[in-house]
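Undergrad: Quick note, the sequences are listed as chains L and R, same order. Under my numbering, the residue at position 134 of the first sequence is numbered 983, and the numbers go up by one with no gaps. Under my numbering, the residue at position 150 of the second sequence is numbered 999, and the numbers go up by one with no gaps.
Number of protein chains: 2
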Amino acid sequence: MDTTQRTEQQRSADRRRRELLEAADRVVLRDGPGASMNAIAAEAGITKPILYRHFGDKGGLYAALAKRHTDALLDSLRAALDAPAERRERVEATLDTYLAAIEARPQVYRFLMHPAEGSPSEQGFDVGKHSAPLLRRMGEELAQVIGERLDLGPGSHPLARVWGHGIVGMMHAAGDWWLGERPCSRAELVRSLADLLWGRLAAAGDKVGGPGF
Amino acid sequence: MDTTQRTEQQRSADRRRRELLEAADRVVLRDGPGASMNAIAAEAGITKPILYRHFGDKGGLYAALAKRHTDALLDSLRAALDAPAERRERVEATLDTYLAAIEARPQVYRFLMHPAEGSPSEQGFDVGKHSAPLLRRMGEELAQVIGERLDLGPGSHPLARVWGHGIVGMMHAAGDWWLGERPCSRAELVRSLADLLWGRLAAAGDKVGGPGF
DNA sequence: AGACTGGTGTTACCGCAAGTAACATGCACG
DNA sequence: CGTGCATGTTACTTGCGGTAACACCAGTCT
């Protein structure tokens, strides 16, 4: 019965861990990315050392928290990417899915991408090495889809990876800017980005009076 | 004499400020973005409060430091963007300029974009709200060039801004990934990104056996 | 029953970094 | 000379991440 007991303990630990993560989520959503370990522990009704026992250090907690949201976002992106539709429609659906996600939960998004920005003390979560993973994972995922589906001729694999990361970066930067300024509707943004991807930059004519960009 | 005196004092203050910034630069380049105010002050041969008198707080120092590098980078990008050449060549030159810059001084780049990532204590510079400005400035700059030179038909201005931020984001993300993994030469990366911008994504054929991406 | 073990929880502390008085000094001007 | 004023200092507070040491409470083994 050794195994069953261990399993039970582990289940309990896992449940606890999930509760802690949910508490951390609440705090981060409320206080922004500058949430302190003390604040998270208080929200969970416990004290710091327990958090450290579960997550090692702050980076561990962050990573666990980020993984939840990242996985969820990647799932919905995969769905959009795999939908049965024309390529253009699929690209637009994927862009829209991403933008809808960051629009719906900007706090989560800012936590994942730009930690420690709203906090007064500025001693919050260090992102840096953490913001990359989400972008990187999205980039690799997209690269895989591109490589699997598109016929790019010779040198296709590295090309797909460059494109994957490049497109994800485009989506991210444009989304970040859009979220801050809201210069247009989501649909317009999606359309503009898809147009860019569809080569309108190369196809556009020069403006009268000068050499084109 | 009031004005001349003030001017002289201000000149002295400005020189001092520049010296402090150069010291900060050295420390950041040596110790990474986790450099502490104490370390910077020591490098400059003074103590903390003086730094605070000059820059207000750490964010101020960071902003001043970032502005120097950002301005320099933007200058070289402008040069590439304004060169007398075909559009495609110009795009490639701009991409290459950016990538060459981050390749030549990755420490500076990482400081500007991903602060606090190599430090053991992880209590270094908070970027977050600081990394955005560089990207945003590049995006706006590019948007302006696009809007000035290209004939995009109706709704041209918002479209140009979306593209500006999108392209900058593409360049940034691809460059960041490339800098970390070095999966190909710089020239290949430039070529792949320009191809992406030139609509090869839309033009590519489906791979045999499945619907295209 | 009683010692043993392992997980949960605590208080109290360390080290370190940002940021801030409060005090000292050199140098111009009236 | 004294009065500003910028420059410099030491010494401090606050708040964070992280840890050590101890307390409790289940079941388990003998």
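Glycine included, each C-beta is placed from N, C-alpha and C at the ideal position. This one's a predicted model, so the numbers in the text were calculated from it and none came from an experiment.
Please report the Cβ distance between Leu-869(L) and Ala-893(L), rounded to the nearest whole angstrom; I am assuming they are in contact, meaning their Cβ atoms lie under 8 Å.
TA: Position 20 of the first sequence, counted from the start, is the residue given in the question as residue 869(L). Position 44 of the first sequence, counted from the start, is the residue given in the question as residue 893(L). Rounded, the Cβ-Cβ distance is 5 Å, consistent with contact.
Undergrad: Assuming contact is defined by CB atoms lying nearer than 9 Å, are Trp-1026(R) and Arg-1035(R) in contact in what I supplied?
TA: Position 177 of the second sequence, counted from the first residue, corresponds to residue 1026(R). Position 186 of the second sequence, counted from the first residue, corresponds to residue 1035(R). Taking 9 Å as the Cβ cut-off, Trp-1026(R) and Arg-1035(R) do not qualify as a contacting pair.
Undergrad: Going along the chain, which residues of its own chain have a beta-carbon closer than 8 Å to the beta-carbon of Ser-925(R), five neighbours each way excluded?
TA: If you number the second sequence from 1, residue 925(R) lands on position 76. If we look at Ser-925(R) and ignore the five residues flanking it on each side, its Cβ neighbours are Thr-946 and Ala-950.
Undergrad: What residues of chain L sit near Pro-1032(R), judged by a beta carbon separation below 7 Å?
TA: For this step, residue 1032(R) is matched to residue 183 along the second sequence. Correct list: Pro-1007 and Arg-1010.
Undergrad: Does any heavy atom of the ligand MN sit closer than 8 Å to the C-beta of Ala-873(L)?
TA: For the ligand MN, the structure offers nothing, since it holds no ligand at all.
Undergrad: Among the residues of its own chain, which have a CB less than 6 Å from the CB of Leu-1008(R), if the five just before and after it don't count?
TA: Here residue 1008(R) refers to the residue found at position 159 of the second sequence. Leu-1001.
Undergrad: State whether the stretch 893-906 of chain R contacts the stretch 925-942 of chain R, with contact taken as three or more CB pairs (one from each stretch) at a distance under 8 Å.
TA: no
Undergrad: Please list, in chain order, the residues of the stretch 893-910 of chain L that have any C-beta partner in chain R closer than 7 Å.
TA: Against chain R - using a Cβ distance shorter than 7 Å - the stretch 893-910 of chain L contributes no residues.
Undergrad: Ordered along the chain, which non-local residues of its own chain (more than five positions away) have a Cβ less than 6 Å from that of Trp-1047(L)?
TA: Looking up residue 1047(L) in the first sequence gives position 198. Result list for Trp-1047(L): empty, nothing under 6 Å.
Undergrad: Is the beta carbon of Leu-948(L) sitting closer than 9 Å to the one on Gly-1024(L)?
TA: The residue labelled residue 948(L) in the question sits at position 99 within the first sequence. The residue labelled residue 1024(L) in the question sits at position 175 within the first sequence. For Leu-948(L) and Gly-1024(L), yes; Cβs fall inside 9 Å.
Undergrad: If you draw a straight line from the C-alpha of Ser-1041(L) to the C-alpha of Leu-923(R), how long is it?
TA: Position 192 of the first sequence, counted from the start, is the residue given in the question as residue 1041(L). Position 74 of the second sequence, counted from the start, is the residue given in the question as residue 923(R). Put simply, the backbone Cα of Ser-1041(L) is about 25 Å away from that of Leu-923(R).
Undergrad: How many angstroms separate the CA atom of His-918(R) from the CA atom of Arg-864(L)?
TA: Translated into positions along the second sequence, residue 918(R) becomes position 69. Translated into positions along the first sequence, residue 864(L) becomes position 15. His-918(R) and Arg-864(L): Cα-Cα distance of roughly 48 Å.
Undergrad: By a C-beta neighbour count over all protein chains shown, 10 Å radius and 16 as the cutoff for buried, is His-1006(L) buried or exposed?
TA: One-based indexing of the first sequence puts residue 1006(L) at position 157. It is exposed - the Cβ of His-1006(L) has fewer than 16 other Cβ atoms within 10 Å.
Undergrad: Please list, in chain order, all residues of the same chain as Met-886(R) whose beta carbon is under 7 Å from its beta carbon, the five residues on each side excluded.
TA: Stepping through the second sequence from its first residue, residue 886(R) is reached at position 37. Lys-897, Leu-900 and Lys-907.
Undergrad: Using DSSP's beta-bridge definition, name the partner residues of Gly-1054(L).
TA: Within the first sequence, residue 1054(L) is the residue found at index 205, counting from 1. In DSSP, Gly-1054(L) forms a bridge with Asp-1000(R).
Undergrad: Exposed or buried, what is Asp-1044(R) when buried is set at 16 or more other beta-carbons lying within 10 Å of its beta-carbon?
TA: In the second sequence, residue 1044(R) corresponds to position 195, counting from 1. A residue is called buried once 16 or more other Cβ atoms fall within 10 Å of its Cβ, and Asp-1044(R) is buried on that count.
Undergrad: Would you kindly work out how many angstroms separate the C-alpha atoms of Asp-874(R) and Arg-959(R), rounded to a whole number?
TA: In the second sequence, counting from the first residue as 1, residue 874(R) sits at position 25. In the second sequence, counting from the first residue as 1, residue 959(R) sits at position 110. Looking at the two C-alpha atoms, the distance is approximately 13 Å.
Undergrad: So that I know if they touch, is there some Cβ in chain L lying closer than 9 Å to that of Glu-1017(R)?
TA: Here the question's residue 1017(R) lines up with position 168 in the second sequence. A quick correction: the sequence has Val, not Glu, at residue 1017(R). Yes, contact with chain L.
Undergrad: Taking C-alpha atoms, which residue in Asp-920(L), Met-962(L) and Gln-956(L) lies nearest to Val-799(L)?
TA: The question about residue 799(L) has no answer here: the residues shown for chain L are numbered 850 through 1062.
Undergrad: How would you write the range of the alpha helix (DSSP H) that Asp-931(L) sits in, first residue to last?
TA: Against the first sequence, residue 931(L) aligns to sequence position 82. That run of the alpha helix (DSSP H) goes 907-931.
Undergrad: Verify whether the separation of the beta carbon atoms of Leu-984(R) and Ala-1022(L) is less than 9 Å.
TA: Counting from one through the second sequence, the residue named residue 984(R) turns up at place 135. Counting from one through the first sequence, the residue named residue 1022(L) turns up at place 173. Yes, Cβ-Cβ distance for Leu-984(R) and Ala-1022(L) is below 9 Å.
Undergrad: In this structure, does DSSP put Pro-882(R) in helix, strand or coil?
TA: Locating residue 882(R) in the second sequence gives position 33, counting from the first residue. Coil.
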